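Numbering (the UniProt record's numbering), first residue to last: 1 to 406.
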């Protein structure tokens with residue numbers, strides 16, 4: 001309903017729903033208390049806060065306890081509230097219904113942007129005038145000014161949050177997202193693929209392709225929106241049933257103050273982690289990963305499944321260690337060269353080390369117990385037997401020796 005209260009949704013790991021709900025409710029209660037205390041003890045009292053439910057595994061729905069209020073108005077930082085246990089947020093969502101794919105797309109576009117045709121004006125449908133939503137009008141104006149290629153569209157269904165490889169309704173959700181993309185592209189440059197930087201660059205990577213929803217090839221190609229501003233928007237469609245969907249349109253922000261500047265400073269360090277051109281853009285909501293879900297499965301035999309945590313961190317942060325730049329079968333570089341080695345502390349049995357080797361990294365693995373036999377025989381894995389907490393990298397030792405020798 002235009003102008004009505006909007007719920008928010010958060011995704012999380014299946015079985016962590018209760019933990020996430022407790023975290024969100026605590027944050028809302030603290031925010032309500034702080035707001036009450038700052039209003040001169042004034043009679044706002046009335047409780048405030050939010051009510052959380054989990055309609056599907058891996059999904060939490062948040063509504064305001066106050067009738068007529070949006071859930072994000074009760075949370076610290078509003079739509080930027082970033083709970084520890086959340087993978088993704090769909091803030092200030094609208095609920096739309098239609099029997100057809102085109103109808104769902106049209107209603108979602110109308111509710112989010114006040115338009116069903118992408119022409120920038122309030123929509124009318126079925127012969128009646130649709131009430132203008134103030135938030136939709138604001139988002140429409142801001143998205144109109146957003147740079148080309150800055151909008152990503154994500155199609156989601158509940159089964160994705162349980163790790164199902166081919167979840168029910170996913171094809172339908174993709175088709176609805178296709179239709180939304182077609183509608184929005186008519187009036188918003190943000191939904192169109194950015195111009196190519198050069199003949200070798202696929203301009204549609206990481207942006208809305210012809211189908212309208214985000215399809216990515218797993219490699220970050222950087223911050224190549226038309227104006228190079230780093231502005232990002234995400235339109236998320238969560239199909240709750242064949243005829244009902246939640247849709248959210250949000251401008252992505254840095255989840256932490258000064259995080260972008262700090263990450264950019266790290267990226268400027270040639271001895272530091274390899275990064276894409278826009279590695280500093282760690283966004284909330286996550287612009288790159290639908291549902292906040294990173295594909296971290298490796299088909300090769302791995303010593304343990306712990307590698308998934310490491311790959312998920314790399315994928316979400318859009319950063320990873322640099323691979324070795326040496327010819328095949330060449331001996332590994334000296335261990336005193338910090339730019340050539342990655343240190344894995346507490347490495348046994350070797351899940352993280354194995355994943356790093358598949359990335360082409362040379363690894364110093366530290367543990368009291370030996371690694372998997374294949375890793376122990378790998379020339380580009382140097383095993384150091386000992387306490388990981390007491391380990392001092394060879395380049396630090398060398399620097400200390402050089403200082404003492406002066």
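Think of the CB as a built atom: it goes at the ideal place given N, C-alpha and C, for glycine as much as any other residue. Quick caveat, the model's predicted, so the values are computed rather than measured.
Can you give me the C-alpha to C-alpha distance between residue 395 and residue 357, rounded to a whole angstrom?
Translated into the one-based positions of the chain shown, residue 395 becomes position 395. Translated into the one-based positions of the chain shown, residue 357 becomes position 357. Taking the straight line joining both Cα atoms gives about 21 Å.
How would you write the range of the alpha helix (DSSP H) that residue 363 sits in, first residue to last?
Taking the first residue of the chain shown as 1, we reach residue 363 at position 363. For residue 363, no alpha helix (DSSP H) run applies; the uninterrupted beta strand (DSSP E) run containing it begins and ends at 362–367, by DSSP.
Mapping DSSP to helix, strand and coil, what is residue 106?
The sequence position of residue 106 within the chain shown is 106, counting from 1. In the three-state scheme derived from DSSP, where H, G and I count as helix and E and B as strand, residue 106 is classed as helix.
Classify residue 371 as helix, strand or coil using the three-state DSSP reduction.
Mapped onto the chain shown, residue 371 falls at position 371. Judged by DSSP in its simplified three-state form, residue 371 adopts coil rather than helix or strand.
Segment contact flag, the segment 321–330 with the segment 344–360, C-beta cutoff 8 Å, min 3 pairs:
Contact between the segment 321–330 and the segment 344–360 is present, because at least three Cβ pairs lie under 8 Å.
What is the DSSP secondary structure of residue 397, reduced to helix, strand or coil?
Position 397 of the chain shown, counted from the start, is the residue given in the question as residue 397. The answer is helix: DSSP assigns residue 397 an H, G or I state.
Limits of the alpha helix (DSSP H) - the one that residue 170 falls within
Residue mapping note: residue 170 aligns to position 170 of the chain shown, counting from 1. Residues 170–185.
Kindly indicate which three-state DSSP category residue 407 falls into: helix, strand or coil?
This structure cannot speak to residue 407, because the chain is shown only from 1 to 406.
When the Cα of residue 9 is compared with those of 110, 99, 158, which residue comes out closest?
The sequence position of residue 9 within the chain shown is 9, counting from 1. Proximity to residue 9 across 110, 99, 158 peaks at 158, based on C-alpha coordinates.
Range of the contiguous alpha helix (DSSP H) that encloses residue 307:
For this step, residue 307 is matched to residue 307 along the chain shown. It spans 307–317 - the alpha helix (DSSP H) in which residue 307 sits, taken as one unbroken run.
Do you know whose CA, among 400, 344, 399, lies nearest residue 381's CA?
As a first step, residue 381 must be located in the chain shown, where it is residue number 381. Residue 344 is the option with its Cα nearest to residue 381.
Quick one: is residue 15 buried, meaning 16 or more other Cβ sit within 10 Å of its Cβ, or exposed?
The residue you call residue 15 lines up with position 15 of the chain shown. The residue is exposed, with fewer than 16 neighbouring Cβ atoms inside 10 Å.
Whole-angstrom Cβ separation of residue 176 and residue 101, contact assumed at under 8 Å?
Against the chain shown, residue 176 aligns to sequence position 176. Against the chain shown, residue 101 aligns to sequence position 101. For a cut-off of 8 Å, the C-beta gap from residue 176 to residue 101 is around 5 Å, short enough to register as a contact.
Given that a residue counts as buried once 16 or more other Cβ atoms are within 10 Å of its Cβ, and exposed if not, what is residue 151?
Counted from its first residue, the chain shown places residue 151 at position 151. Buried, since its Cβ has 16 or more Cβ neighbours within 10 Å.
What does the Cβ neighbour count give for residue 148, buried or exposed, with the cut at 16 atoms within 10 Å?
Position 148 of the chain shown, counted from the first residue, corresponds to residue 148. Here residue 148 is buried. Its C-beta has 16 or more other C-beta atoms within 10 Å.
How many Å lie between residue 63 and residue 111 at the Cα?
Walking along the chain shown from the start, residue 63 turns up at place 63. Walking along the chain shown from the start, residue 111 turns up at place 111. Distance from the CA of residue 63 to the CA of residue 111, rounded to the nearest whole angstrom, comes to 18 Å.
Within 10 angstroms of the Cβ of residue 376, are there 16 or more other Cβ atoms? Answer buried if so, exposed if not.
Looking up residue 376 in the chain shown gives position 376. Its Cβ having fewer than 16 others within 10 Å, residue 376 is exposed.
With a CB to CB cut of under 6 Å and the five nearest residues on each side skipped, what residues in its chain are close to residue 71?
In the chain shown, the residue the question calls residue 71 occupies position 71. Excluding five sequence positions before and after residue 71, the CB atoms of its chain that fall closer than 6 Å to its own CB belong to 7, 8, 50, 62, 63, 64, given in chain order.
By the three-class DSSP mapping on this structure, what secondary structure does residue 250 have?
The residue labelled residue 250 in the question sits at position 250 within the chain shown. Secondary structure of residue 250 (DSSP, three-state): strand.
C-alpha distance - residue 77 paired with residue 397, whole-angstrom precision:
Counting from one through the chain shown, the residue named residue 77 turns up at place 77. Counting from one through the chain shown, the residue named residue 397 turns up at place 397. C-alpha separation (whole angstroms): 44 Å.
Could you work out which residue in 368, 335, 370, 372 is closest to residue 361 when comparing CA atoms only?
Here the question's residue 361 lines up with position 361 in the chain shown. Its Cα nearest to that of residue 361, the residue 335 stands out among 368, 335, 370, 372.
Rounded C-alpha distance that separates residue 294 from residue 231:
Mapped onto the chain shown, residue 294 falls at position 294. Mapped onto the chain shown, residue 231 falls at position 231. So the alpha carbons of these two residues sit roughly 22 Å apart.
Tell whether a beta-carbon distance below 7 Å holds between residue 248 and residue 236.
For the purposes of this step, residue 248 is identified with residue 248 of the chain shown, where counting begins at 1. For the purposes of this step, residue 236 is identified with residue 236 of the chain shown, where counting begins at 1. Judged by beta-carbon spacing, residue 236 lies within the 7 Å limit of residue 248, meaning their Cβ atoms are closer than that value.
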